[in-house]
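Student:
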Amino acid sequence: MLPAPERPTITTYRDGPLLVRGPVELLDQDGTVIDTGRRTVALCRCGKSRTRPLCDGTHRLVHFRAPGTLESGSGPSGPEGDGAGAQGAAPGLPGAQ
Numbered sequence: 045m046l047p048a049p050e051r052p053t054i055t056t057y058r059d060g061p062l063l064v065r066g067p068v069e070l071l072d073q074d075g076t077v078i079d080t081g082r083r084t085v086a087l088c089r090c091g092k093s094r095t096r097p098l099c100d101g102t103h104r105l106v107h108f109r110a111p112g113t114l115e116s117g118s119g120p121s122g123p124e125g126d127g128a129g130a131q132g133a134a135p136g137l138p139g140a141q
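If you read the sequence shown in the working numbering, its first letter stands for residue 45, the second for the next number, and so on.
1. Given this structure, state the Cα-to-Cα distance separating Gly-91 from Met-45, to the nearest angstrom.
2. Looking at Val-77 and Pro-52, is the spacing between their C-beta atoms short of 9 Å?
3. Could you check which residue in Ser-93, Pro-111, Pro-97, Ala-48 has the C-alpha nearest to that of Asp-79?
4. Roughly how many whole angstroms lie between the Cα atoms of Leu-87 and Pro-49?
5. First and last residue of the alpha helix (DSSP H) that includes Thr-56?
6. So what does DSSP say about Leu-70, is it helix, strand or coil?
7. Quick one: which unbroken beta strand (DSSP E) runs of 3-plus residues sit fully inside the region 84-116? Chain order, please.
8. Quick check on DSSP: helix, strand or coil for Arg-82?
9. Under 6 Å Cβ to Cβ from Arg-65, same chain only, skipping five residues before and after it: list those, please.
Okay, structure coming up:
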């Protein structure tokens, strides 16, 4: 029996990145594939990352605050506790330590 196909997931983190997990293809505005070499990527929401569309942790430096209340994932289970790297970028991505 074949395993069920893995579904991509997007997890929002309060005042932080969108963490995308699973089989997804990241494209730039021209439709060119952005090869991250990973199945988990952190996407910038603050607009200040030097590695956009990828998060480099700048949201912390600029004290980014996301509007709205539908987000989850704050606190200890946020990006740092979820393999997102020391600065909010997934390990192996530009800006990760």
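C-beta: ideal position from N, C-alpha, C; glycine also.
Just so it is clear, the structure is predicted and the values come from calculations on it, not from any experiment.
Tutor: By the coordinates alone:
1. 44 Å
2. no
3. Pro-97
4. 23 Å
5. Thr-56 -> not in any alpha helix (DSSP H); beta strand (DSSP E) instead, spanning 53-56.
6. coil
7. 84-87
8. coil
9. Thr-53, Thr-84
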